[in-house]
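Enquirer:
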Amino acid sequence: MSLHAYPPPYVPLSGLDDSLTRTGFALLSAVDVQTWLHTDAAALDALHASWNHLPPDGFLKDGGRYRRRRHSCFVVDGADVQQAPHRAHWQPLEYNALHGGMQRWFEPMDASVVASPLWRTLLATVGQAVSAVHGARPWYVEAHPFRIDTTDGIGRPTPEGAHRDGVDLVAVFMLGRHGIKGGESRVFDADGPSGQRFTLSEPWSLLLLDDARVIHETTPIQPLVPGELGWRDTLVLTFRRDGFQGG
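So for the sequence shown, the working numbering puts the first residue at -1; every next one is plus one.
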């Protein structure tokens, strides 16, 4: 397998659809994300504030205490965004060998975030990118606010390893890094040997992944200063046609 280490290979906003179509993934800088969402850094930072209150993930099969998260579901149809009734997060073993087959009930997202007009703009805008590649239709969206920290000395953003999610598109917003090293993103062709690796660090930069075409993972994080708590915050959105996983 050939891996080439690069800084994030951002594409211009005008090249987003082309990059997703050609390579199966695309990276947008924080500045282009602000332009794309017609907003500014202060408004996005206000959405991020609730990450300080994420509850622990009680379902980690490796016994870790390093992950905090919430989970909510939405249906995006063009500009229309509707929150779906709260449901368990479920994945088949085919896509998540570690946690697949489990009904994982997480606390819903902070109500103030869900009620924000910017949140609905964000979901609808990413939905436009999915529709540009896969055709316009209603999208079933699962939203996962994550904080991975170094409580255990090491934190694992993807404890299941390199994987696909069984959806049409995955969007990973990098929200912040504090006092850590590691956390390198890796994207591989699902049917070939090539791949790229890079470290996302700009708050509200964005990685978009065509889930059928690429496999992805993020390497573990460690504290920059031994014994001090570090963390990595992301927002992960999955867009899927024809309904949520698990029925």
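Backbone N, C-alpha and C define an ideal beta-carbon position, used for all residues, glycine too.
Keep in mind that this is a model prediction, so the values were computed, not measured.
Assign residue 140 to buried or exposed, taking buried as 16 or more other Cβ atoms, counted over all protein chains shown, within 10 Å of its Cβ.
Expert: Within the sequence shown, the letter at position 142 stands for residue 140. Counting Cβ neighbours within 10 Å, residue 140 comes out buried, since at least 16 surround it.
Enquirer: Would you kindly work out how many angstroms separate the C-alpha atoms of residue 235 and residue 223, rounded to a whole number?
Expert: For the purposes of this step, residue 235 is taken as residue 237 along the sequence shown, with counting starting at 1. For the purposes of this step, residue 223 is taken as residue 225 along the sequence shown, with counting starting at 1. Their backbone Cα atoms lie some 31 Å apart in a straight line.
Enquirer: Would you call the CB atoms of residue 155 and residue 181 closer than 8 Å?
Expert: As a working mapping, residue 155 is identified with position 157 in the sequence shown. As a working mapping, residue 181 is identified with position 183 in the sequence shown. Yes, the pair counts as a contact, with Cβ atoms nearer than the cut-off.
Enquirer: Which of the three DSSP states, helix, strand or coil, is assigned to residue 132?
Expert: The residue given as residue 132 occupies position 134 in the sequence shown. The answer is helix: DSSP assigns residue 132 an H, G or I state.
Enquirer: Starting from residue 14, follow the beta strand (DSSP E) in both directions and report where the run begins and ends.
Expert: Start at 1 with the first residue of the sequence shown, and residue 14 comes out as number 16. Element bounds for residue 14: not the beta strand (DSSP E) but the alpha helix (DSSP H), 14 to 21.
Enquirer: Restricting to Cα atoms, I'd like to know which of 81, 243, 22 and 76 is closest to residue 106.
Expert: As a working mapping, residue 106 is identified with position 108 in the sequence shown. It is 81.
Enquirer: Tell me which same chain residues have a C-beta within less than 6 Å of the C-beta of residue -1, skipping the five on either side of it?
Expert: For the purposes of this step, residue -1 is taken as the residue at position 1 of the sequence shown. Any reading at residue -1 must be qualified, since the residue scores a pLDDT of 36, below 50, and its modelled position is unreliable; no value is offered.
Enquirer: Do three or more CB pairs link the segment 214 to 230 to the segment 146 to 155 at distances below 8 Å?
Expert: With the cut-off at 8 Å, the segment 214 to 230 and the segment 146 to 155 touch.
Enquirer: Shortest alpha-carbon distance to residue 248 belongs to which of 32, 51 and 21?
Expert: Only positions -1 to 245 of the chain appear in the structure, and residue 248 is not among them; the question remains open.
Enquirer: State the DSSP-derived secondary structure class of residue 121, mapped to helix, strand or coil.
Expert: Residue 121 sits at position 123 when you count from the first residue of the sequence shown. Residue 121 falls in the helix class under three-state DSSP.
Enquirer: Return the chain-ordered list of same chain residues with a C-beta closer than 7 Å to the C-beta of residue 206, the five sequence neighbours on each side being excluded.
Expert: Within the sequence shown, the letter at position 208 stands for residue 206. So the list reads 18, 23, 24, 127, 167 and 169, once near-sequence residues are dropped.
Enquirer: When you compare only the Cα positions, how much space is there between residue 176 and residue 229?
Expert: The residue labelled residue 176 in the question sits at position 178 within the sequence shown. The residue labelled residue 229 in the question sits at position 231 within the sequence shown. Roughly 5 Å between the two C-alpha positions.
Enquirer: In whole angstroms, give me the CA-to-CA distance for residue 237 and residue 78.
Expert: By 1-based counting over the sequence shown, the position of residue 237 is 239. By 1-based counting over the sequence shown, the position of residue 78 is 80. Taking the straight line from one Cα to the other gives about 15 Å.
Enquirer: Does the distance from the C-beta atom of residue 132 to that of residue 213 stay below 8 Å?
Expert: Along the sequence shown, read from residue 1 onward, the residue named residue 132 stands at position 134. Along the sequence shown, read from residue 1 onward, the residue named residue 213 stands at position 215. Contact: no.
Enquirer: So, for residue 35: in the same chain, excluding its five sequence neighbours on each side, which residues have a beta-carbon less than 8 Å away from its beta-carbon?
Expert: What you label residue 35 is simply residue 37 of the sequence shown in a count that begins at 1. Contacts found: 42, 116, 119, 120 and 123.
Enquirer: Does any heavy atom of the ligand HEM sit closer than 7 Å to the C-beta of residue 150?
Expert: Ligands in the displayed structure: none, and consequently the ligand HEM is not present.
Enquirer: Are the beta-carbon atoms of residue 48 and residue 110 separated by less than 8 Å?
Expert: Looking up residue 48 in the sequence shown gives position 50. Looking up residue 110 in the sequence shown gives position 112. Contact flag set, yes.
Enquirer: In three-state terms, what does DSSP make of residue 243?
Expert: In the sequence shown, counting from the first residue as 1, residue 243 sits at position 245. Of the three classes helix, strand and coil, the one that applies to residue 243 here is coil, per DSSP.
Enquirer: Going along the chain, which unbroken runs of the beta strand (DSSP E) with 3 or more residues stay wholly within the segment 207 to 240?
Expert: The qualifying runs are 212 to 216, 219 to 221 and 229 to 238.
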